[in-house]
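Heads up: the sequence shown begins at 12 in the numbering used here, then just goes up one per residue.
Just so you know, even glycine gets a beta-carbon here, dropped at the ideal spot from N, CA and C.
Reading through the structure tokens given below for one structure.
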Amino acid sequence: MDMNQYLSMFIDESNDHLQSLNENMLQLEGSPEDLGIVQVIFRSAHTLKGMAATMGFEDLASLTHKMENVLDLVRNEKLKMQDFIFDTLFKSLDALENMVQDITGGGEGKADVSSIVASLQAIESGEWTGGTAPVAEVNQSSSTVTPSAVELDEFQYSVLDQSIAEGHRVLYIEVLVSEQSQLKGVRAYMVFDLLERSGEIVKSFPTVQDIEQEKFERSFSLYYITTKEAQELEKGIMSISEIESAKVIQLDQETLQQMTNQAAATAEVEAAPVPAPVDASPESDSSSKEEPKKLAATKTAPKQAAAPSRTIRVDIERLDVLMNLFSELLIDRSRLEQLASETGNNDLSDTVAHLSRVSTDLQNIVLKLRMVPVDTVFNRFPRMIRDLAKTLDKKIDLVITGAETELDRTVIDEIGDPLVHLLRNAVDHGVESIAERVAAGKPELGTVNLRAFHSGNHVFIEIEDDGKGIYRDNLLRTAVKRGVVTEEQGAKMSDDEVNQLLFAPGFSTADKISDISGRGVGLDVVKSKITSLGGNVTIHSTPGKGTNFSVQLPLTLSIIAAMLVRLGSEKYAVPLSSIVETAIVQREQVRNIHGNKMITFRETLIPYLSLSEVFGVPDFNDADEQETEIVVIRKGERLAAVAVEEFIGQSEIVLKSMGTYLPAIEGISGATILGDGQVALILDPNAFIK
12 MDMNQYLSMF IDESNDHLQS LNENMLQLEG SPEDLGIVQV IFRSAHTLKG MAATMGFEDL
72 ASLTHKMENV LDLVRNEKLK MQDFIFDTLF KSLDALENMV QDITGGGEGK ADVSSIVASL
132 QAIESGEWTG GTAPVAEVNQ SSSTVTPSAV ELDEFQYSVL DQSIAEGHRV LYIEVLVSEQ
192 SQLKGVRAYM VFDLLERSGE IVKSFPTVQD IEQEKFERSF SLYYITTKEA QELEKGIMSI
252 SEIESAKVIQ LDQETLQQMT NQAAATAEVE AAPVPAPVDA SPESDSSSKE EPKKLAATKT
312 APKQAAAPSR TIRVDIERLD VLMNLFSELL IDRSRLEQLA SETGNNDLSD TVAHLSRVST
372 DLQNIVLKLR MVPVDTVFNR FPRMIRDLAK TLDKKIDLVI TGAETELDRT VIDEIGDPLV
432 HLLRNAVDHG VESIAERVAA GKPELGTVNL RAFHSGNHVF IEIEDDGKGI YRDNLLRTAV
492 KRGVVTEEQG AKMSDDEVNQ LLFAPGFSTA DKISDISGRG VGLDVVKSKI TSLGGNVTIH
552 STPGKGTNFS VQLPLTLSII AAMLVRLGSE KYAVPLSSIV ETAIVQREQV RNIHGNKMIT
612 FRETLIPYLS LSEVFGVPDF NDADEQETEI VVIRKGERLA AVAVEEFIGQ SEIVLKSMGT
672 YLPAIEGISG ATILGDGQVA LILDPNAFIK
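This is the structure we're talking about:
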């Protein structure tokens with residue numbers, strides 16, 4: 012069987028299982044006595060082992076199997092979770108992730124994990140200093156009955172007997188695993204996987220569960236129905252590494268009867284006799300004879316079919332193509348709507364109206380297809396923070412809110428690394444050591460908040476710590492020392508401008524900067540990455556209290572709902588998601604307060620912005636108007652009023668990038684093509700509210 016066709020599925024599902032293992036291990040670390048979590052972890056590890064063994068990635072399967080052995084002791088209450096065990100299992104997960112990454116890159120998933128395996132074996136055997144793991148007790152449950160003494164119940168015997176009568180091959184197979192094998196369970200699994208491809212296993216000894224948990228010596232046996240030749244199967248089994256011998260015997264009805272009688276006799280001798288009350292009544296005798304059949308039928312009844320999966324994995328490039336095609340369709344729809352309005356043809360208008368309704372529904376689906384919750388990025392951070400805090404000997408509580416906030420998939424794929432930099436910066440250089448926090452009157456446990464929320468046509472991700480904050484003088488002193496700015500330039504800079512120096516390339520260094528707690532290391536990379544995504548990052552810090560890094564990202568939706576407005580001969584689009592309401596104000600309502608224009612809105616003073624002044628529109632000036640239309644926009648809790656000449660109306664517009672033709676213009680997030688073929692600039696309301 013060609014396994015390459017399943018490789019991408021294996022990689023995706025392995026990453027899902029590894030993420031689940033990390034999350035549940037963190038949960039178990041908080042509740043080490045919760046055996047329910049251990050069961051979940053064990054099942055994930057077991058599934059991952061089976062997948063890896065099937066795909067032929069033996070190193071990955073081997074390491075997962077060793078983890079299983081430790082987890083099996085824990086779930087059977089023969090071993091208690093302790094720090095050393097947690098650390099070893101986390102190291103194992105890191106190694107497994109590296110193996111999967113190697114496979115993703117085209118490798119064979121091999122890695123030197125001998126030290127991790129040695130630690131796991133020490134935990135399993137009780138040789139580590141934390142306690143004794145009674146591994147012997149696990150194996151004591153394995154019986155020493157010889158493989159030939161495999162007892163069949165009445166139902167199993169009848170299935171085998173009928174198969175022989177119908178011309179199928181019924182085989183009895185005995186397999187002996189090499190004495191040097193460290194992975195008996197995996198080798199047995201590979202044998203079972205081979206056999207299940209071309210037949211049906213009716214009975215195995217020991218049971219499948221015991222074999223998977225390595226609760227057997229070196230051998231196991233089974234009854235098997237197939238159409239293949241015995242020699243072909245024996246050759247296939249022997250091709251599996253670390254299989255010492257395989258004996259495959261084809262049975263006829265007479266041989267099957269003899270083996271069954273022998274097994275039954277052996278079982279009677281070994282079983283302890285249990286006296287039972289004698290009931291000679293015919294009813295009792297009849298019911299006792301029927302009972303085995305009922306039990307057998309119950310045990311072998313087919314399970315109810317599982318519900319089919321409701322999700323599929325789709326290549327992101329296909330979604331990009333779908334989005335681009337629909338964007339073009341939307342432009343044509345706008346053109347059709349305009350033509351229908353101009354011609355006055357009722358039939359055409361009705362058809363275009365129906366087309367608009369259908370395309371609107373299609374639009375909603377297309378947009379949602381690309382939206383992904385940010386928790387796909389956030390869910391890997393708790394483990395990272397846990398390891399970093401342990402390394403730095405700090406106590407850190409990572410608080411995540413808004414993980415359900417959705418963002419376009421293209422942004423999700425790119426934002427992970429910048430957030431890693433910012434979180435590491437907060438833990439390493441923001442939050443103080445335990446001694447420093449106690450001396451400052453703070454609790455030993457430092458807090459890092461990771462928040463995500465929508466604001467208009469953007470998503471904001473904030474990373475806020477309760478550490479020492481940024482001191483302006485220290486930051487400027489270091490910036491001058493590094494040659495980023497001169498003393499004269501620094502003296503004229505505002506606090507926000509000084510904080511932005513952290514993102515200057517010349518400021519970044521691999522050395523620790525003790526006088527400002529090392530802040531700034533690698534942050535130039537963060538700034539450039541976020542800017543390339545069309546976003547922005549700002550810093551707000553209170554010395555001694557903490558620092559907040561706010562990352563503003565565009566949703567990068569290709570299609571948005573917008574209000575079209577006119578200023579002279581120019582048209583602009585304002586995203587509806589940023590608009591609070593529209594209104595008309597008289598000239599005398601605009602007040603000048605400390606050099607800033609303000610108006611009263613809902614009993615609150617808000618800034619008044621002249622769009623014609625901001626963009627230098629040549630043929631319109633709202634200062635000449637007695638009354639002016641305004642659009643009230645929102646950024647978080649802050650509001651502002653933007654003056655325009657005329658409202659054109661609502662429309663669904665296609666967001667097009669400005670590309671390399673124009674430099675980045677503050678206040679403009681892109682452009683769109685209207686139904687009449689004209690180009691309108693799309694405003695970025697967040698840029699107007701500081």
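Open item on the list: Determine whether the beta carbon atoms of V562 and G546 lie at a separation below 9 Å.
Closed with: Position 551 of the sequence shown, counted from the start, is the residue given in the question as residue 562. Position 535 of the sequence shown, counted from the start, is the residue given in the question as residue 546. The answer is yes: Cβ separation under 9 Å.
Open item on the list: To the nearest angstrom, how far is the alpha carbon of I48 from that of F392?
Closed with: Within the sequence shown, numbered from 1, the residue matching residue 48 stands at position 37. Within the sequence shown, numbered from 1, the residue matching residue 392 stands at position 381. Their Cα atoms are separated by approximately 20 Å.
Task: Cβ shell of S31 (< 6 Å), same chain only, five flanking positions each side left out - done: Here residue 31 is taken as the residue at index 20 of the sequence shown, counted from 1. Hits under 6 Å: S55.
Task: Sequence-distant residues of the same chain with beta carbon closer than 6 Å to V463, five excluded per side - done: Position 452 of the sequence shown, counted from the first residue, corresponds to residue 463. The residue asked about is misnamed: residue 463 is Ala in this sequence, not Val. For A463, where only same-chain residues beyond five positions count, the Cβ hits under 6 Å are V385, G413, T416 and I472.
TODO: Could you have a look at I550 and say whether DSSP puts it in helix, strand or coil?
DONE: Counted from its first residue, the sequence shown places residue 550 at position 539. I550: strand per DSSP, three-state reduction.
Task: Whole-angstrom distance between T58 and Y482, CA atom to CA atom - done: What you label residue 482 is simply residue 471 of the sequence shown in a count that begins at 1. What you label residue 58 is simply residue 47 of the sequence shown in a count that begins at 1. Their backbone Cα atoms lie some 51 Å apart in a straight line.
Open item on the list: Looking at the strands, I want to know which residues DSSP matches up with V690.
Closed with: Position 679 of the sequence shown holds residue 690. Looking at the DSSP assignment, V690 forms a beta bridge with I684.
Task: Per DSSP, the bridge partner or partners of S718 - done: This structure does not reach residue 718, given that the chain is present from 12 up to 701, and the question cannot be answered.
TODO: Pick out whichever of Q112, M78 and K60 has its Cα sitting closest to the Cα of E19.
DONE: Residue numbering aside, residue 19 sits at position 8 when the sequence shown is read from its first letter. The residue you asked about is not Glu; residue 19 is Ser in the sequence shown. Of the listed residues, the one whose Cα sits closest to S19 is Q112.
Open item on the list: Please report the straight-line C-alpha distance between H365 and N356, rounded to a whole angstrom.
Closed with: As a working mapping, residue 365 is identified with position 354 in the sequence shown. As a working mapping, residue 356 is identified with position 345 in the sequence shown. If you take the alpha carbons of H365 and N356, they lie about 14 Å apart.
Task: Under the three-state DSSP convention, the category F216 falls into - done: Residue 216 sits at position 205 when you count from the first residue of the sequence shown. Note: F216 maps to strand in three-state DSSP.
- [ ] Give the single residue among E677, R198 and V213 whose Cα lies nearest to the Cα of S169.
- [x] Translated into the one-based positions of the sequence shown, residue 169 becomes position 158. With distances taken between Cα atoms, S169 lies closest to V213.
TODO: Could you spell out where the beta strand (DSSP E) holding S256 opens and where it closes?
DONE: For the purposes of this step, residue 256 is identified with residue 245 of the sequence shown, where counting begins at 1. Segment I254 to L262, the beta strand (DSSP E) holding S256.
Task: Any beta strand (DSSP E) of 3 or more consecutive residues that is wholly inside the segment 458 to 513 - done: 469 to 476
Open item on the list: According to DSSP, simplified to helix, strand and coil, what is A72?
Closed with: For the purposes of this step, residue 72 is taken as the residue at position 61 of the sequence shown. Helix, per DSSP.
Open item on the list: With a threshold of 8 Å (Cβ to nearest heavy atom), would I684 be considered close to the ligand GDP?
Closed with: Looking at this structure, you won't find the ligand GDP or any other ligand, since it has none at all.
TODO: Inspect the CB distances between the segment 264 to 272 and the segment 169 to 187 and report whether three or more fall short of 8 Å.
DONE: yes
- [ ] Write down every uninterrupted run of the alpha helix (DSSP H) in the segment 71 to 145 whose length is 4 residues or greater and which is fully enclosed by it, in chain order.
- [x] 94 to 115 and 125 to 136
Open item on the list: Using the three-state DSSP reduction, which class does F699 fall into: helix, strand or coil?
Closed with: Here residue 699 corresponds to residue number 688 of the sequence shown, with the count starting at 1. F699 falls in the helix class under three-state DSSP.
TODO: For my contact list, F699 and G681 are in at a C-beta cut-off of 8 Å; report their separation, rounded to the angstrom.
DONE: Taking the sequence shown and counting its residues from 1, one reaches residue 699 at position 688. Taking the sequence shown and counting its residues from 1, one reaches residue 681 at position 670. Wrong, their Cβ atoms sit about 16 Å apart, outside the cutoff.
Task: For M382: DSSP bridge partner residues - done: Walking along the sequence shown from the start, residue 382 turns up at place 371. D419.
Open item on the list: Can you tell me whether K646 is buried or exposed? The criterion is at least 16 other CB atoms within 10 Å of its CB, across all chains shown.
Closed with: What you label residue 646 is simply residue 635 of the sequence shown in a count that begins at 1. Under this definition K646 is a buried residue.
- [ ] Please report how far the alpha carbon of T615 lies from the alpha carbon of R602, in whole angstroms.
- [x] Along the sequence shown, one-based indexing puts residue 615 at 604. Along the sequence shown, one-based indexing puts residue 602 at 591. Their backbone Cα atoms lie some 13 Å apart in a straight line.
Task: Cβ-Cβ separation, M78 to L100 (assumed contact under 8 Å), whole Å - done: Residue mapping note: residue 100 aligns to position 89 of the sequence shown, counting from 1. Residue mapping note: residue 78 aligns to position 67 of the sequence shown, counting from 1. That pair is a contact at about 6 Å.
Task: Cβ neighbours of F68 in the same chain (closer than 6 Å, five flanking residues each side left out) - done: The residue given as residue 68 occupies position 57 in the sequence shown. Here the set comprises G120.
- [ ] Leaving out five residues on either side along the sequence, give the residues of the same chain with a beta carbon under 7 Å from the beta carbon of G247.
- [x] Taking the first residue of the sequence shown as 1, we reach residue 247 at position 236. Here the set comprises L205.
Task: Length of the line joining the Cα atoms of P429 and Q374 - done: Taking the sequence shown and counting its residues from 1, the one referred to as residue 429 is at position 418. Taking the sequence shown and counting its residues from 1, the one referred to as residue 374 is at position 363. Distance between the alpha carbons of P429 and Q374 is about 31 Å.
- [ ] Using DSSP bridges, identify the partner residues of K646.
- [x] For this step, residue 646 is matched to residue 635 along the sequence shown. Answer is R649, bridged to K646.
Open item on the list: Alpha carbons only, please: which of M382, E353, H469 and Q349 is nearest the one belonging to S367?
Closed with: Taking the first residue of the sequence shown as 1, we reach residue 367 at position 356. Comparing Cα positions, the closest option is Q349.
- [ ] To the nearest angstrom, report how far apart K102 and I127 are at their CA atoms.
- [x] Taking the sequence shown and counting its residues from 1, one reaches residue 102 at position 91. Taking the sequence shown and counting its residues from 1, one reaches residue 127 at position 116. For K102 and I127, the distance between alpha carbons rounds to 7 Å.
Open item on the list: Considering only the alpha carbon of each residue, which of S230, A133 and D105 lies closest to F95?
Closed with: Along the sequence shown, read from residue 1 onward, the residue named residue 95 stands at position 84. Closest option to F95, Cα to Cα, is A133.
Task: Own chain, CB closer than 6 Å to S250, minus 5 neighbours either side, in chain order - done: Here the question's residue 250 lines up with position 239 in the sequence shown. Excluding positions up to five away in sequence, the list is empty.
TODO: Give the C-beta separation of F631 and G579 to the nearest angstrom, bearing in mind that I take them to be a contact with Cβ-Cβ under 8 Å.
DONE: Within the sequence shown, the letter at position 620 stands for residue 631. Within the sequence shown, the letter at position 568 stands for residue 579. Confirmed, about 4 Å.
- [ ] Using 10 angstroms around the beta-carbon of N80, count the other beta-carbons present and answer buried if the total reaches 16, otherwise exposed.
- [x] Taking the sequence shown and counting its residues from 1, the one referred to as residue 80 is at position 69. Label assigned to N80: buried.
Open item on the list: Tell me the rounded alpha-carbon separation between A106 and V548.
Closed with: Counting from one through the sequence shown, the residue named residue 106 turns up at place 95. Counting from one through the sequence shown, the residue named residue 548 turns up at place 537. Roughly 34 Å separates the two Cα atoms.
Task: As assigned by DSSP and simplified to three states, the class of D398 - done: On the sequence shown, position 387 is the one that residue 398 refers to. Residue state, collapsed to three classes: helix.
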